[in-house]
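Numbering (my numbering), first residue to last: 529 to 790. The structure appears right after this line, and notes come after that.
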Amino acid sequence: MTQTSSPMGAAVPERDGDGGGHGESADDRAGVIAAAAERARAGGLVITPTDTVYGIGTTAADATAVARLLEAKGRGRQMPPPVLVAGRDQLDGVVADPPDAARALMDALWPGALTLVLDAAPALVWDLGATGGTIAVRMPDHPLALALLRATGPMAVTSANRTGEPPATDAASARRAFPGRVTDAPGALVAEDGRPSILLIDGGPTPGPVPSTIVSLAGDDASRPRVLREGLIPARRIEEVLAPLLAAQAGAAPGPAEGGRA
Numbered sequence: 529m530t531q532t533s534s535p536m537g538a539a540v541p542e543r544d545g546d547g548g549g550h551g552e553s554a555d556d557r558a559g560v561i562a563a564a565a566e567r568a569r570a571g572g573l574v575i576t577p578t579d580t581v582y583g584i585g586t587t588a589a590d591a592t593a594v595a596r597l598l599e600a601k602g603r604g605r606q607m608p609p610p611v612l613v614a615g616r617d618q619l620d621g622v623v624a625d626p627p628d629a630a631r632a633l634m635d636a637l638w639p640g641a642l643t644l645v646l647d648a649a650p651a652l653v654w655d656l657g658a659t660g661g662t663i664a665v666r667m668p669d670h671p672l673a674l675a676l677l678r679a680t681g682p683m684a685v686t687s688a689n690r691t692g693e694p695p696a697t698d699a700a701s702a703r704r705a706f707p708g709r710v711t712d713a714p715g716a717l718v719a720e721d722g723r724p725s726i727l728l729i730d731g732g733p734t735p736g737p738v739p740s741t742i743v744s745l746a747g748d749d750a751s752r753p754r755v756l757r758e759g760l761i762p763a764r765r766i767e768e769v770l771a772p773l774l775a776a777q778a779g780a781a782p783g784p785a786e787g788g789r790a
């Protein structure tokens, strides 16, 4: 396995098990999630806490919605957003058959701060941008994000900030990132500036600002995974998970032919 980034690290604060930011009841949180899911499925933008930073996203299946997300982020098609899922079942039809190394990493580190770059399923018709036939996928370890994803299906999600600015790690910084556009009122569909509003799920502070670790297993990287970005999960942990599999694969590789030597 090769690594193409420098180490990063951060302490992860504890959070309440229910993921709520202000002591809402379970019914209140369910209502917020239902409203956010309806907004995202309709192609609107939603801000949600994750296990790293706050993310802004929409349904991954709507090209117009994804274009709206990239515009809000201040990013072009050359930087397509990752896709967040609530479980491996949501990868069906999204990625090609994952290689053994990807399955091992999912087993050990999902849900968690690990993004895997995989080959997209041949029949996938989503337009996330210039993906080059790959797709970056992650299953976050945050109850509110997972509840949202279970209700919406896969979402295109990027950090809730304008490109080049620090990621949002609480509701206040998420609001500042998109001034005049963020609301926590599901019925407020239009922002102060006349554009569609962005619905916020306030889950309190997140562990950020360190992002997820990104590992490529697409194409030739399927047999030699590469760490593209070292984030919350150290590269050494990736190596520990993959070491037994890579050693077994090396041992099973055929040696040189016995006959025909000069």
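Every residue gets a Cβ at the ideal spot worked out from N, C-alpha and C, and that includes glycine. Note that this is a predicted model, so its numbers are computed, not measured.
Q: Figure out for me which residue from Val755, Arg678 and Gly559 has the closest Cα to the Cα of Leu633.
A: Reading the sequence shown from its first residue, position 105 is the one you call residue 633. Of the candidates Val755, Arg678 and Gly559, the one whose C-alpha sits nearest the C-alpha of Leu633 is Val755.
Q: Report the residue from Pro695, Pro610 and Ala648 whose alpha carbon sits nearest the alpha carbon of Gly621.
A: Here residue 621 refers to the residue found at position 93 when the sequence shown is read from its first residue. Here the closest residue by C-alpha is Ala648.
Q: Under 8 Å Cβ to Cβ from Arg773, same chain only, skipping five residues before and after it: list those, please.
A: Taking the sequence shown and counting its residues from 1, one reaches residue 773 at position 245. In the sequence as presented, Arg is not what sits at residue 773; that position holds Leu. By the criterion of a C-beta distance shorter than 8 Å, Leu773 is surrounded in its chain by Asp628, Ala629 and Ala632, once the five residues flanking it on both sides are discounted.
Q.
Just to confirm my understanding: we take Leu770, look at its own chain, exclude 5 residues before and 5 after, and list those with CB closer than 8 Å. What are they?
A. If you number the sequence shown from 1, residue 770 lands on position 242. Met529, Ala629, Ala632, Leu633 and Pro753.
Q: Have a look at Leu745, Arg765, His670 and Ala719 and flag the residue whose alpha-carbon is nearest the alpha-carbon of Tyr582.
A: Reading the sequence shown from its first residue, position 54 is the one you call residue 582. Answer by Cα proximity: His670.
Q. Which of helix, strand or coil does DSSP assign to Gly585?
A. Locating residue 585 in the sequence shown gives position 57, counting from the first residue. Looking at Gly585 - three-state DSSP - the assignment turns out to be strand.
(Q) Taking only three categories from DSSP, how would you classify Ala593? (A) Taking the first residue of the sequence shown as 1, we reach residue 593 at position 65. Ala593: helix per DSSP, three-state reduction.
Q | Inter-stretch contact at 8 Å, needing at least 3 Cβ pairs: the region 654 to 669 / the region 551 to 560 | A | no
Q | Three-state secondary structure (DSSP) of Met791 | A | There is no way to answer for residue 791, as the model of the chain reaches only from 529 to 790.
Q) CB Ala641 to CB Ile761, shorter than 8 Å? A) Translated into positions along the sequence shown, residue 641 becomes position 113. Translated into positions along the sequence shown, residue 761 becomes position 233. For Ala641 and Ile761, yes; Cβs fall inside 8 Å.
Q.
Quick check on Ala702: does DSSP put it in helix, strand or coil?
A. The count along the sequence shown starts at 1 and reaches residue 702 at position 174. Residue state, collapsed to three classes: helix.
Q. Going by beta carbon distance, what residues of the same chain come within less than 7 Å of Ala775, once the five residues before and after it are set aside?
A. The residue you call residue 775 lines up with position 247 of the sequence shown. Same-chain partners within the cutoff: there are none.
Q | Distance CB(Ala588)-CB(Val611) smaller than 8 Å | A | Counting from 1 along the sequence shown, the entry for residue 588 is found at position 60. Counting from 1 along the sequence shown, the entry for residue 611 is found at position 83. It is a contact, given that the beta carbons lie within the stated cut-off.
Q. Taking Ala623 as the reference, which of Gly604, Leu646, Glu767 and Thr586 has the closest Cα?
A. Locating residue 623 in the sequence shown gives position 95, where the first residue counts as 1. Checking the displayed sequence, the identity of residue 623 turns out to be Val instead of Ala. Nearest option by C-alpha distance: Leu646.
Q. Where Gln606 and Ala684 are concerned, what is the direct C-alpha to C-alpha distance, given to the nearest angstrom?
A. One-based indexing of the sequence shown puts residue 606 at position 78. One-based indexing of the sequence shown puts residue 684 at position 156. Straight-line Cα distance between these residues: approximately 15 Å.
Q) What's the C-alpha gap between Pro577 and Ser553? A) Numbered from 1 along the sequence shown, position 49 holds the residue referred to as residue 577. Numbered from 1 along the sequence shown, position 25 holds the residue referred to as residue 553. Straight-line Cα distance between these residues: approximately 18 Å.
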